[in-house]
Amino acid sequence: MAEWKSEEEIRCIRKAGKVVAECHDAIAKRIAPGVTTQEIDRFVERLMAERGARPAQKGYLGYPYATCASVNEVVCHGFPDTIPLQEGDVVTIDMVADVDGWKADSAWTYSIGRPRPAAARLMDAAKQAMLRGIAECRMGRRIGDIGAAVMHSARQTGYSVVTSFAGHGIGRSIHESPEVGNGGPAGSGMRLEAGMVLTVEPILSAGAGEIWLDRDGWTARTRDRSWSAQFEHTVAVTEQGPVILTCL
Ligand code: MF3
Ligand code: CO
């Protein structure tokens, strides 16, 4: 069952969303060659604490860190570590802030220093796919319309979608119904209504888009070691159209 949120509850999720956006903004200014993802993880935990928020991923289903840090061919759910980031790497930082029990979720892919042209194209394509998906978060559309728009956008730009991972409803819990698949088909699934809060979080890959899970049970990598990029926002479906809750 999907959960519908009141305007007041959406304002609560928005507060958590602002904290997540501030963390991403701070990361963007700080990330550089030589920085480690463990430093970013600790930095995020401190920024959240200063804002009265808790990193909701930490301890969720046993996940051990505040952030997911997924470098190059790691698709998602990578562990922060002590390896210095290098010029040209791409790293996706994914985080969920909890403010007074309400959660907001956003991921962003960063390039370290100047991106290689192929990485810049991949990141642009992933951001565009997310925005096309968000544009479908309107009353009367169906869940499958979001995934269909994502898939269409990815194909147009020449990338594959990693369909093993999906967006989701979010609110008091990180993962609520419905699942927001990244494939469609258009016209399928639950009808969208005002008060639904969803994440739109496509992962695009330069290769086939198939994945392996590492032995740690979390780190997902592309089988063909091609690089991937992901952008994610938490979005409310409202009478006025889609409203992104994870922005400044
Ligand atoms: N933020 C992730 C998402 O977009 C959730 C990660 S689950 C965790 O769905 F266990 F890694 F935290
Ligand atoms: Co996320």
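Quick note on numbering: our numbering labels position 57 of the sequence shown as 57, and the sequence is numbered without any gaps.
We put the CB at the ideal spot given by N, CA and C, even for glycine.
Keep in mind that this is a model prediction, so the values were computed, not measured.
Pop quiz: residue i and residue j are said to be a contact at Cβ under 8 Å. What is the actual Cβ separation, rounded to whole angstroms?
| i | j | result |
| --- | --- | --- |
| Val90 | Ala119 | 5 Å |
| Leu245 | Arg14 | 5 Å |
| Ile134 | Val162 | The pair is not a contact, with the Cβ atoms about 18 Å apart (cut-off 8 Å). |
| Glu176 | Val237 | In fact, because the Cβ distance is near 14 Å, the residues do not count as touching under 8 Å. |
When the Cα atoms are used, what is the spatial distance from residue i to residue j?
| i | j | result |
| --- | --- | --- |
| Thr157 | Gly147 | 16 Å |
| Glu3 | Arg142 | 16 Å |
| Asp124 | Ala53 | 30 Å |
| Ala69 | Thr37 | 6 Å |
| Ile170 | Asp94 | 15 Å |
| Glu232 | Gly183 | 16 Å |
| Gly17 | Asp224 | 34 Å |
| Glu45 | Pro55 | 6 Å |
| Ile83 | Met190 | 43 Å |
From what residue to what residue does the beta strand (DSSP E) around residue i run?
| i | result |
| --- | --- |
| Ser106 | Trp102 to Ser111 |
| His168 | Gly167 to Gly169 |
| Leu198 | Val197 to Val200 |
| Asp41 | Unbroken run through Asp41 is the alpha helix (DSSP H), Thr37 to Glu50; no beta strand (DSSP E). |
| Ile211 | Ile211 to Leu213 |
Using only alpha-carbon positions, find the residue among the options that is nearest to residue i.
| i | options | result |
| --- | --- | --- |
| Trp227 | Cys247, His233, Ala236 and Ser205 | Ser205 |
| Arg138 | Val235, Glu39, Val35 and Phe165 | Val235 |
| His152 | Arg132, Glu39 and Ala66 | Arg132 |
Would residue i count as contacting chain D if we go by Cβ distances under 7 Å?
| i | result |
| --- | --- |
| Thr219 | The structure shown contains no chain D; it holds only a single protein chain. |
Tell me where the alpha helix (DSSP H) around residue i begins and ends.
| i | result |
| --- | --- |
| Gln230 | Where Gln230 is concerned, there is no enclosing alpha helix (DSSP H), although the beta strand (DSSP E) it sits in stretches over Ser228 to Gln230. |
| Ser153 | Ile143 to Thr157 |
### Query
Using 8 Å as the Cβ pair cut-off and three pairs as the minimum, do the region 220 to 236 and the region 69 to 86 touch?
Yes: at least three Cβ pairs fall under 8 Å.
### Cβ contact (3+ pairs, closer than 8 Å) linking the region 102 to 112 and the region 16 to 25
Yes, they touch.
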